[in-house]
Amino acid sequence: MTTRTEPPARPLALITGVGRTVGIGAAIARQLAASGWDIAFTYWHAYDARMSWGTEPGATEVIEGLLAERGAATAGIEADLADPDTPARVFDEAERRLGPVTALVMSHCESADSGLLDTTVESFDRHFAVNTRATWLLIREFGRRFTAPPGTGRIISLTSDHTVGNLPYGASKGAMDRITLAAAHELAHLGVTANAVNPGPVDTGWMSEEIRAHCLAATPLGRLGTPQDTAHLVDFLCSPRGQWVNGQLLHSNGGMA
């Protein structure tokens with residue numbers, strides 16, 4: 011963890027959902043750090059503990075170390091995004107420790123497999139609280155606080171087109187898309203771009219052999235997506251070269267059909 015005591019020489023990216031070293035969020039953080047960004051990131055180990063992969067002891071410290079090796083000042087922030095007060099608190103903490111946020115990258119999620127008939131109201135509400143409401147509140151905080159020069163601000167959310175058997179996740183991510191794309195227009199006066207990225211199925215430890223085989227067969231390139239694939243696209247979108255890409259839902263999935 012690094013706390014700044016002088017004006018930042020590098021822009022700051024706030025990345026949510028960076029709980030595991032093998033995750034998409036961690037890959038994005040490493041890539042942006044290598045490209046000259048300081049990194050504030052959130053994690054919520056209680057979510058990982060509920061998932062089949064479990065928690066990764068020491069992950070936060072390892073991630074901070076990897077980012078520091080790439081020249082980044084870092085701030086890991088534990089954050090329960092199901093709490094509507096959390097987004098403002100996260101921005102407060104990031105600003106206090108590292109300065110104003112120039113790029114907001116949202117890779118957090120709630121994801122529990124269930125369909126139309128077996129999804130509980132509690133699970134449905136939690137998915138929308140984390141995947142949809144928190145995205146809106148994070149974007150709202152970003153828009154209210156953004157002070158960087160026009161053309162430099164970036165908002166990126168990671169989405170999914172899952173529906174069957176993954177109903178609350180897919181539905182809440184679909185609503186998240188609309189919020190993100192609205193930001194491209196409603197925050198136009200700030201010169202901020204906003205895009206949603208669908209990385210397709212990326213194996214970060216959740217895939218069964220059956221799912222892995224299905225995804226391989228459905229992808230023309232004959233391989234699975236990797237966290238680094240997503241990180242490369244996010245890195246481009248956050249760079250000056252990516253400024254003209256705005257208000258888009260981008261599919262970065264190897265042509266999977």
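Numbering (my numbering), first residue to last: 11 to 267.
Using N, Cα and C, we set each Cβ at its ideal position, and we do this for glycine too.
A direct Cα-to-Cα measurement between Leu126 and Asp135 gives close to 14 Å. Sequence-distant partners of Asn176 (beyond 5 residues in either direction) whose C-beta falls short of 6 Å from its own C-beta, in its chain, are Asp123. With fewer than 16 other Cβ atoms from the protein chains shown falling within 10 Å of its own Cβ, Asp95 counts as exposed. Residue range 84-88 is occupied by the beta strand (DSSP E) that includes Gly86, with no alpha helix (DSSP H) assigned at that position. As summarised for the stretch 237-263, the continuous beta strand (DSSP E) elements at least 3 residues long and confined to that stretch are 259-261, given in chain order. Three or more beta-carbon pairs drawn from the stretch 143-150 and the stretch 93-111 are found closer than 8 Å, and the two stretches are therefore classed as touching. The stretch 158-173 and the stretch 201-217 touch, with three or more beta-carbon pairs separated by less than 8 Å. Gly33 sits in coil when the DSSP states are folded into three classes, being neither helix nor strand. The residues Thr26, Gly27, Leu91, in chain order, have a CB closer than 6 Å to that of His118 in the same chain once the five nearest residues on each side in sequence are set aside.
Bridge pairing for Gly235: Val212 [DSSP].
Here Gly180 is buried, its C-beta having at least 16 other C-beta atoms within 10 Å. The beta carbon of Ala223 is closer than 8 Å to none in its chain, skipping five residues each way along the sequence. In the DSSP assignment, Thr145 falls within the unbroken alpha helix (DSSP H) covering 144-155. In the DSSP annotation of this structure, the continuous segment of the alpha helix (DSSP H) that includes Leu226 starts and ends at 219-228. Excluding the 5 residues flanking it on each side, Phe152 has same chain C-beta neighbours closer than 7 Å at Val111, Leu114, Ile165, in chain order.
DSSP places Leu76 inside the alpha helix (DSSP H), whose first and last residues are 69-79.
Distance between Thr31 and Ala37, taken at the CA atoms: about 8 Å.
If you look at Asp187, you'll find it in the alpha helix (DSSP H) that goes 177-196.
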